[in-house]
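Asker: Just so you know, the sequence shown maps onto residues 958 to 1488 in my numbering.
The beta-carbon is built from N, C-alpha and C at its ideal position, and this holds for glycine as well.
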Amino acid sequence: MAPRVLVSDELSETAVQIFRDRGVDVDFQPQLGKDKDKLAEIIGNYDGLAIRSATKATEKLIAAATNLKVIGRAGIGVDNVDIPAASRRGIIVMNTPFGNSITTAEHAIALMFAVARQLPAADTSTQAGKWEKSKFMGVEITGKTLGVIGAGNIGSIVCSRAIGLKMHVVAYDPFLSKERAEEMGVKKVELNELFAEADFITMHVPLTDKTRNIIDAAAIAKMKDGVRIVNCARGGLVVEADLAEALKSGKVAGAGFDVFEVEPAKESPLFGLPNVVCTPHLGASTTEAQENVALQVAEQMSDYLVRGAVSNAINMPSITAEEAPILKPFIRLADVLGAFVGQVTESAIKEIEILYDGATAAMNTKALTSAALAGLIRSQVSDVNMVSAPVMIKEKGVILSEVKRDKSGVFDGYIRLTVTTANQTRSIAGTVFSDGKPRFIQIKGINLDADVGNHMVYITNTDVPGMIGFIGTTLGEAGVNIANFQLGRDKQGGDAIALLYVDAAVSEDVLNKLRANAAIRQIRPLVFNVD
């Protein structure tokens, strides 16, 4: 059956057609996002939800979305999606961070020009029949210093445009390397340096705990007298009341704002002040940008639902369309390794270490780790997946670490999962052979070579004669057929393990007969989904 996607906001017909061309059954109801009750009533019928800003993907709506696998936001902002709720339900949340980059950058430059030359006020005055040339004295852009807070996708475009305008550009971004800054032609500075040097300041960072109120009264005090401030990024980056006071005092000569602390902005301390230019969150509002993000979200959602590729996800490691088929068998391997440990571990987990050896170390290990965690938790939470598992592990306070190393053994690449509890440490390793199927290659440090089947039995025992015959006879008398039987031991008379791949689940009565043998210390029936 083809995956079904609901489009509940306005998307172009071209974008809708992309879904159809990719084999997705699309239901285009662009006004539905405004009717939250009707949306909640039908959302359980869909695998994907494509939205803009009108639809609110709240915790309540997500709870009703029993089949939903992906939410695609045509645009960069995901303020209208409850990401923690989606993550807990295993729903991927995607956005389109690059489709409106140029448009937003251009809007920031436009606001900078408008503030520099007081264009809106001059227009209003002139159209009112006045001719107030001396009232609207502006400043040139050329030769001025622009401080860019955030030199990522949009910020870097602003830097490029500003350099073209013959401005000096200084940039603050913790993730900007000196080499990249030199390549861009900008000077990398700390935030206080930027405040001290900039004639104009523009922000291009997300709203986080670290960036909230990044410009307040204390920051403004460090700036040049007569600085002009532009914000096309996110409301909440600037304390509007503090900026308003600085505008009134003349410390700040002007401001251009496209975003506000509360939106829609019906009121703001900035409204009505001289040389403040305000627009209603128009950063992405061009015909080209709206079409670009619509096409991108349709392509991204289709690629995920049809091919398993994940791109621009907020809460899930990206998996390209090219690497998806290569990664798929190793994702299945990671899942079964996690499932094995999850089914044989009884006490609370304190630490998890995942070792990637050889070829696996060069793969998308974030995706593999997510798969391993999903398998690990599944014995306790049946509907966990690669999205929700990392969230659950973090909420439990479990220490998680990844280790990568070059090839160290006979296998080109393998994965080892080690889990530590208050009582013990469990370890299992596996690889993928040329047939694409997962194999167990080591348990508790004991080497073996075992196929992974839907139904298996794991036995730990003391190494004594007769165990193979006892296990085989007991299962045979019960009518249990053994497809594969793997044994291993650390030394003669020491710890030994048996891993049996059987055709069907083994009853508790049969397991109890096996437990009656004094040499057997533990028996665990295991279930894997490897079909």
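1. At the level of alpha carbons, what is the spacing between Met1160 and Asp1363?
2. How is Leu1312 classed by DSSP in three states: helix, strand or coil?
3. Please report the straight-line C-alpha distance between Val1233 and Leu1068, rounded to a whole angstrom.
4. Grab me the residues of Phe985's own chain with a C-beta within less than 8 Å of its C-beta, minus the 5 sequence neighbours each way, in chain order.
5. Can you list the beta strand (DSSP E) stretches of 3 or more residues lying completely in the segment 1323-1390, in chain order?
6. Bridge partners for Gly1299 per DSSP, in chain order?
7. Would you tell me roughly how many angstroms separate the C-alpha atoms of Phe1217 and Arg1191, rounded to the nearest one?
8. Below 8 Å, how does it come out for the segment 1186-1200 and the segment 1210-1230: are there three or more Cβ pairs, yes or no?
9. Using a Cβ-Cβ cut-off of 6 Å (strictly less than) and excluding sequence neighbours within five positions of Leu1230, which residues of its own chain qualify?
10. Assuming the contact rule is C-beta atoms closer than 8 Å, Ala1241 and Gly1032 should be a hit. Round their C-beta distance to whole Å, please.
11. Tell me the DSSP secondary structure of Phe1287 in three-state form.
12. Nearest-angstrom Cα distance between Thr1168 and Tyr1458?
13. Determine whether the beta carbon atoms of Gly1332 and Gly1295 lie at a separation below 8 Å.
14. Suppose only complete runs of 4+ residues qualify. What are the alpha helix (DSSP H) ranges in the segment 1236-1268, listed by chain order?
15. So if DSSP puts Met1160 in a beta bridge, which residue, or which two residues, is it bridged to?
16. For the putative contact between Gly1029 and Met1051, defined by C-beta atoms under 8 Å, what is the C-beta separation to the nearest angstrom?
17. What would DSSP say about Ile1172, mapped onto helix, strand or coil?
18. In three-state DSSP terms, what is Phe1427?
19. Taking only the alpha-carbon atoms, compute the straight-line gap between Ala1007 and Gln1443 and give it to the nearest angstrom.
20. Which one or two residues does DSSP pair with Pro1482 in a beta bridge?
21. Using a Cβ-Cβ cut-off of 8 Å (strictly less than) and excluding sequence neighbours within five positions of Ala1073, which residues of its own chain qualify?
22. Do Val981 and Leu1262 come within 8 Å of each other at the CB atom, strictly closer than that value?
23. Could you tell me which residues DSSP pairs with Asp984 in its beta bridges?
24. Of the choices Ala1021, Arg1009, Leu1025, whose alpha-carbon is the least far from that of Pro960?
25. Starting from Asp978 and walking both ways along the beta strand (DSSP E), at which residues does that stretch end?
26. Quick one: residues in its chain with C-beta nearer than 8 Å to the C-beta of Val1463, no 5 flanking neighbours on either side, listed in chain order?
27. Judging by CA-CA distance, which residue of Ala1379, Leu1018, Phe1228, Ser1304 is the nearest neighbour of Ser1336?
28. Curious, which full-length beta strand (DSSP E) runs of at least 3 residues does the segment 1006-1073 contain?
29. Spatial neighbours of Thr1382 within its chain, please: CB distance less than 6 Å, with the 5 preceding and 5 following residues excluded, ordered by chain position.
30. If you draw a straight line from the C-alpha of Ser1275 to the C-alpha of Phe1485, how long is it?
31. Do Ile1403 and Asp1447 count as a contact pair if the criterion is CB distance below 8 Å?
32. Can you name the start and end residues of the alpha helix (DSSP H) that Gln1084 belongs to?
33. Quick one: is Gln1075 buried, meaning 16 or more other Cβ sit within 10 Å of its Cβ, or exposed?
34. Over what stretch of residues does the beta strand (DSSP E) that includes Phe1152 continue unbroken?
35. Tell me the rounded alpha-carbon separation between Val1146 and Leu1252.
36. By Cβ distance below 6 Å, which residues in the same chain neighbour Thr1236 in space, the five residues on each side in sequence not counted?
Answerer: The answer reads as follows:
1. So the alpha carbons of these two residues sit roughly 42 Å apart.
2. Leu1312: strand per DSSP, three-state reduction.
3. Their backbone Cα atoms lie some 10 Å apart in a straight line.
4. If the five residues before and after Phe985 are omitted, its C-beta is found closer than 8 Å to the C-beta atoms of Val964, Leu968, Val973, all from its own chain and listed in chain order.
5. Segments of the beta strand (DSSP E) lying fully in the segment 1323-1390: 1356-1362, 1370-1378, 1382-1389.
6. According to DSSP, which records beta bridges pairwise, Gly1299 is partnered with nothing at all.
7. Taking the Cα positions, Phe1217 is about 7 Å away from Arg1191.
8. Taking a cut-off of 8 Å on C-beta distances, the segment 1186-1200 touches the segment 1210-1230, as three or more cross pairs fall below it.
9. Here the set comprises Leu1204.
10. With 8 Å as the limit, Ala1241 and Gly1032 qualify as a contact, their Cβ atoms being about 6 Å apart.
11. The answer is helix: DSSP assigns Phe1287 an H, G or I state.
12. When the Cα atoms are used, Thr1168 and Tyr1458 turn out to be separated by approximately 54 Å.
13. Yes, the Cβ-Cβ distance between Gly1332 and Gly1295 is below 8 Å.
14. Secondary structure in the segment 1236-1268: the alpha helix (DSSP H) runs of 4 residues or longer, each lying completely within the stretch, are 1244-1259 in chain order.
15. Bridge partners of Met1160: Ile1106, Asn1188.
16. By a beta-carbon distance limit of 8 Å, Gly1029 contacts Met1051. Their separation comes to about 5 Å.
17. Strand.
18. Phe1427 falls in the helix class under three-state DSSP.
19. Rounded to whole angstroms, Ala1007 to Gln1443 spans 49 Å at the Cα level.
20. DSSP output for Pro1482 lists Val1414 as bridge partner(s).
21. Gly1095, Val1096, Glu1097, Ile1098, Phe1157, Arg1185, Gly1211.
22. Yes. Within cutoff.
23. Under DSSP, Asp984 takes part in a beta bridge, and its partners are Leu963.
24. The shortest CA-to-CA distance from Pro960 to any of Ala1021, Arg1009, Leu1025 is the one to Leu1025.
25. Run containing Asp978: none in the beta strand (DSSP E); it sits in the alpha helix (DSSP H), 970-978.
26. In its chain, beyond the 5 residues on either side, His1412, Val1414, Leu1432, Ala1435, Val1437, Pro1482 have a beta carbon closer than 8 Å to the beta carbon of Val1463.
27. Taking each of Ala1379, Leu1018, Phe1228, Ser1304 in turn and checking the Cα distance to Ser1336, the smallest one comes out for Ser1304.
28. Listed in chain order, they are 1027-1030, 1049-1051.
29. Result list for Thr1382: empty, nothing under 6 Å.
30. If you take the alpha carbons of Ser1275 and Phe1485, they lie about 25 Å apart.
31. Their beta carbons are under 8 Å apart, which means Asp1447 touches Ile1403 by this criterion.
32. Where Gln1084 is concerned, the enclosing alpha helix (DSSP H) stretches over 1076-1084.
33. Burial state of Gln1075 is buried, judged by a 10 Å Cβ sphere holding 16 or more other Cβ atoms.
34. Segment 1148-1154 is the alpha helix (DSSP H) holding Phe1152; no beta strand (DSSP E) there.
35. Approximately 37 Å between the Cα atoms of the pair.
36. Excluding positions up to five away in sequence, the list reads Asp1215.
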